[in-house]
Amino acid sequence: MNNSMDSLPLALDELRIALGPQRVLTAIDRIQKYKYDTSGTQREIPAAVLPRCTDDIIKIIKIASTYSLALYPISKGNNWGYGTSNPVLNGSVIVDLSEMNKITHFDANLGIVTIEPGVTQQMLCDFLHENGNKYLTPTTGAGPHGSIMGNALERGYGLTPVTDHFLAIQNIEAVLPNATIYHSPLYENGCESVDRVFKWGFGPYLDGIFSQGNFGIVTKMTIQLAARPEKIGAFVFEMKSEADLEKAVVIIQETLRELGGVAGSINLMNSLRLLSMSAPYPLEQIQSAPNDFIPMLKKMAHDMNFATWTCLGSFYGKKEIVATATQLLKERIYPHTKRLIFMSRIQLNILEKILSVLPRSISASPLNRIQKMKMTFDILEGTPSQVAMPLCYRKLPNGLPKTTDLNPARDGCGLFWYAPLVPMIPATVRQYVEFVHTVCAKHLIEPLITLTSVSDRCFDSTVPIIFDPQNAEDTLRAKNCFNELLKEGIALGFHPYRTGVDHMQEIIKSDQPFWIMQKAIKQAIDPKNIIAPGRYSAI
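First residue of the sequence shown? That's 809 in our numbering, and the numbers climb one at a time after it.
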């Protein structure tokens, strides 16, 4: 379905009356920001509407239903690498929820907070600091301006103790395509307090259809928060040899199984991923020897003393518990590697002070690493950080802009995220790593691999496919690389946990029973298909 050019002006006139003319954007310069994307995708977006409350969304949906208007809701529109603000369907009207940014309920005893779509990591962090600083913000690498709700509904994850952000959702309020408001039966039966603390409600669990779905517009959700512990300790261990990958996987799995109540999520990164965060892209060297660029990158990483595989994790809890977990980890790791580092915020501050008084020629590189480690520690402590965002700018000719407000889509970065799920089986992880290396080398793309534990059974891997959008050849290589990883990865059993707006329909098989059921539900509750057509949907 495309929005009719005949009915669109009438619908926009009614929206202006219902919301106020300043809340319906149609001027090219006002809607251009929604078209920016790191993939180069630009949909035709005729308008954007900016609701302030649930009542506004009800009005929008009623008008959309009258005129069969396709709507595409966004929370903050910072879905970089997956489409940013762009809808799946050309011609959809953006419903920009960023001004719905209230925190409507907080229980400091139960550790729950109810938020609207526009609440960002920084907003929640500031709120929690102002209200006792007893809980951690569920941070991600998307930075301070990423939406808490948007990430949770995409089933995102982080490094703090409540790793799975969708699992943290306790309840959902949404406006359905018939303009009624959805709540669980617990809420509808007058038990709002228990609805906020019991995720599964009563009867069939339907909150889940709003995650990676298009069955309504979510206006509020209550999430559980991880309590701020007495002690947070980070650990890093290194595997010098590529042959030690399987050992690293076993160590991570056993650590999570034995210390799962203490350990946060654990990251396993290859040396090229670390190199990409510490050194500029060696364009000239790669152009001079394109067939040998991966060995050259590995040598650069080795010369900078990056191990082949580096593991980053953290422990949370009472001082005594963290100390015991640390000792257990030492006993497990030392037979395999002597390179094990434990860090606290105090230790990082002391190291930074020492390095800052040394000659720049000696301290520059280690000081840079300490400062990056402190920014990473911010994320572990539930403080939003932009430490991961400069990676998006790696291939831009002018590098990072001179601003603290980084926005990869607006700033012209080229990025696709390849984010497949990988069973935590050593041989399978090896197969996956070799697959990514082979495909990336074929297309002259850096294989920047991170494997993040989402449980003690499964990794989610994130591989940023970075390119220069101003370079047509580089852009084509990146697209071909991503497409091959996506298609061949699924054939090998490595399915993405999420994907961008350009590739959803490639994965969805409308003749499969799952998608037949999804389509039947969609047609039953959204017969005019007005909410995000095509988004994780067979129609």
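Every residue, glycine too, gets a C-beta built ideally from N, C-alpha and C.
- Around the beta carbon of alanine 819, 16 or more other beta carbons sit within 10 angstroms, so the residue counts as buried.
- For cysteine 861, the number of other beta carbons within 10 angstroms of its own is below 16, and it is reported as exposed.
- In the three-state DSSP reduction, threonine 947 falls in the coil class, being neither helix nor strand.
- The beta-bridge partner set that DSSP reports for cysteine 1119 consists of Phe1045 and Leu1076.
- Annotation for cysteine 1266: the continuous beta strand (DSSP E) segment containing it runs 1266-1275.
- Cβ neighbours of tyrosine 1089 within its own chain (closer than 7 Å, five residues either side excluded): Arg1202 and Lys1203.
- Going by C-alpha positions, glycine 1222 is about 7 Å away from cysteine 1200.
- Within the same chain, Val903, Leu905, Ile1025 and Ala1340 come within 7 Å of proline 881 by CB-CB distance, once the 5 residues on both sides are set aside.
- The Cβ atoms of proline 946 and glycine 966 sit closer than 8 Å to each other.
- Under the three-state reduction of DSSP output, glutamate 1242 falls in the helix class.
- Look at proline 1192 here: in three-state DSSP terms it is coil, with no helix or strand label.
- In the three-state DSSP reduction, lysine 1039 falls in the strand class (E or B).
- By the Cβ rule, the segment 1000-1020 counts as touching the segment 962-982, because three or more pairs are nearer than 8 Å.
- Ranking Asp1319, Ile866, Lys884 and Ser1345 by CA distance to the CA of tyrosine 990 puts Ile866 first.
- With contacts defined by Cβ atoms closer than 8 Å, valine 1230 and threonine 1236 form a contacting pair.
- For leucine 1223, the enclosing beta strand (DSSP E) begins and ends at 1222-1226.
- Assignment of alpha helix (DSSP H) within the segment 948-984, counting only whole runs of 4 or more residues, yields 956-961 in chain order.
- In this structure, the alpha-carbon of glutamine 1093 lies about 40 Å from that of arginine 1265.
- Close CB contacts of glutamate 1292 within its chain, under the 6 Å cut and outside five residues either way in sequence, are with Val1247 (chain order).
- In the structure shown, the three-state DSSP call for methionine 1112 is coil.
- In the three-state reduction of the DSSP assignment, aspartate 1186 falls in the helix class.
- Inclusion of asparagine 886 and glycine 954 in the CB contact set at 8 Å is warranted, their separation being smaller than that value.
- Proximity to glycine 1021 across Lys1007, Glu962 and Phe1043 peaks at Glu962, based on C-alpha coordinates.
- For a cut-off of 8 Å, the C-beta gap from tyrosine 844 to alanine 856 is around 13 Å, too long to register as a contact.
- In chain order, Ala1346 place their CB closer than 6 Å to the CB of serine 1318, counting only its own chain and leaving out the 5 sequence neighbours on each side.
- Counting only runs that start and end inside the segment 903-936, the beta strand (DSSP E) elements of at least 3 residues fall at 911-915 and 920-923.
- For the pair phenylalanine 1302 and tyrosine 1240, the CB atoms are nearer than the 8 Å cut-off.
- Between the alpha carbons of glutamate 996 and serine 1019 lies a distance of about 21 Å.
- Within 10 angstroms of the beta-carbon of tyrosine 890 lie 16 or more other beta-carbons, which makes it buried.
- Taking 8 Å as the upper bound for CB-CB distance, leucine 1080 and leucine 1105 are in contact here, some 5 Å apart.
- Judged by pairs of C-beta atoms under 8 Å, the segment 868-883 does not touch the segment 992-1007, as fewer than three such pairs exist.
- Counting the other CB atoms within 10 Å of its CB gives tyrosine 875 a total of 16 or more, which places it among the buried residues.
- Under the three-state reduction of DSSP output, leucine 1159 falls in the helix class.
- In this structure, DSSP gives glutamine 1032 an extended state, which the three-state scheme calls strand.
- Within the segment 1271-1310, the complete alpha helix (DSSP H) runs of at least 4 residues fall at 1280-1300.
- Taking C-alpha positions only, serine 847 is separated from phenylalanine 1224 by approximately 6 Å.
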